[in-house]
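Single-structure report; data block below.
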Ligand code: IPE
Ligand code: IPE
Ligand code: MG
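Numbering (full-length UniProt numbering), first residue to last: 1 to 249.
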């Protein structure tokens with residue numbers, strides 16, 4: 001990716017809802033699974049683009065905790081696709097120094113997929129480059145609940161004082177522990193909703209929606225999203241004057 005964006009305008013953490021695979025396929029009279037296959041290609045391009053732009057962390061929503069509601073055939077096709085994509089791509093990710101982590105309830109997956117996930121995480125654990133978080137069987141509410149369960153058991157065991165619990169401690173119990181909060185949220189496919197993605201973590205993310213269907217999302221689309229992000233003024237509750245250092249905002 002040719003990087004014409006100033007360094008400080010590049011989001012540190014980009015979180016993407018990769019939506020529109022099914023509609024892309026349907027428009028071409030193809031089975032939905034073909035759309036998901038093309039979606040993997042788009043993900044590869046975006047990983048490369050974010051890596052070369054200097055993004056520190058990329059989170060891709062691959063399968064939500066609600067996606068089990070889809071037809072059996074689509075769900076099992078997606079599971080095989082995850083397995084084959086991990087088998088095919090993990091060595092290249094390692095070569096590019098990408099550190100991979102899976103977030104979500106992995107106990108919902110087959111033992112062989114859980115083992116593959118663990119293997120890829122172990123293989124790239126020493127990688128110091130971009131962090132790639134794959135949200136699989138992920139739900140924002142699940143993430144908050146599992147953190148609450150930990151908090152509750154720590155309080156019950158007398159290890160934590162409920163009054164002392166603060167946002168930073170709680171954030172550290174979420175599956176995204178150790179990565180900065182998303183700066184830029186991208187959703188392709190035209191829907192304007194969060195669909196139970198990073199509910200807590202996106203409190204101050206800049207939201208970017210595009211009608212482009214995920215299989216068609218390429219490096220230029222990513223540059224467009226970054227250019228849009230670069231024009232936003234992030235105020236975090238302050239006034240425009242405060243964040244622009246007194247200059248007219
Ligand atoms: C997103 O594409 C991929 C997954 C949810 C796995 P969709 O499959 O939701 O595509 P549309 O929304 O039906 O077009
Ligand atoms: C969100 O997309 C989940 C992923 C992209 C993995 P969906 O297509 O499942 O979202 P809804 O159901 O339309 O909100
Ligand atoms: Mg969808």
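Each residue gets a CB set at the ideal place from its N, CA and C atoms; glycine is no exception.
From a predicted model like this one, the values you see are computed outputs, not experimental measurements.
Cβ-heavy atom distance, residue i to ligand 2, below 7 Å
i           : result
residue 126 : no
residue 195 : yes
residue 191 : yes
Helix, strand or coil at residue i [DSSP, three-state]
i           : result
residue 86  : helix
residue 12  : coil
residue 106 : helix
residue 233 : coil
residue 64  : strand
residue 187 : strand
residue 127 : coil
residue 2   : Because residue 2 sits at a pLDDT of 46, beneath the cut-off of 50, its placement in the model cannot be relied upon, and the point is left open.
residue 209 : strand
residue 165 : coil
Sheet register partners of residue i (DSSP bridge)
i           : result
residue 100 : 132
residue 47  : According to DSSP, which records beta bridges pairwise, residue 47 is partnered with nothing at all.
residue 29  : Its beta-bridge partners do not exist; DSSP assigns none.
residue 59  : 15, 133
Cβ separation of residue i and residue j, assumed to be a contact under 8 Å, to the nearest whole Å
i           : j           : result
residue 137 : residue 106 : 7 Å
residue 140 : residue 214 : Not quite, the Cβ-Cβ distance comes to about 20 Å (not below 8 Å), so this is no contact.
residue 132 : residue 100 : 5 Å
residue 204 : residue 225 : With 8 Å as the limit, residue 204 and residue 225 do not qualify as a contact, their Cβ atoms being about 17 Å apart.
residue 40  : residue 91  : 15 Å between Cβ atoms; not a contact.
residue 98  : residue 129 : 6 Å
Query raised in the report: ligand 1: which residues have Cβ under 7 Å from any of its heavy atoms, chain order?
Result: Working through the chain, the matches are 18, 19, 20, 21, 22, 23, 24, 32, 35, 36, 39, 62, 63, 64, 67, 78, 189, 213, 214.
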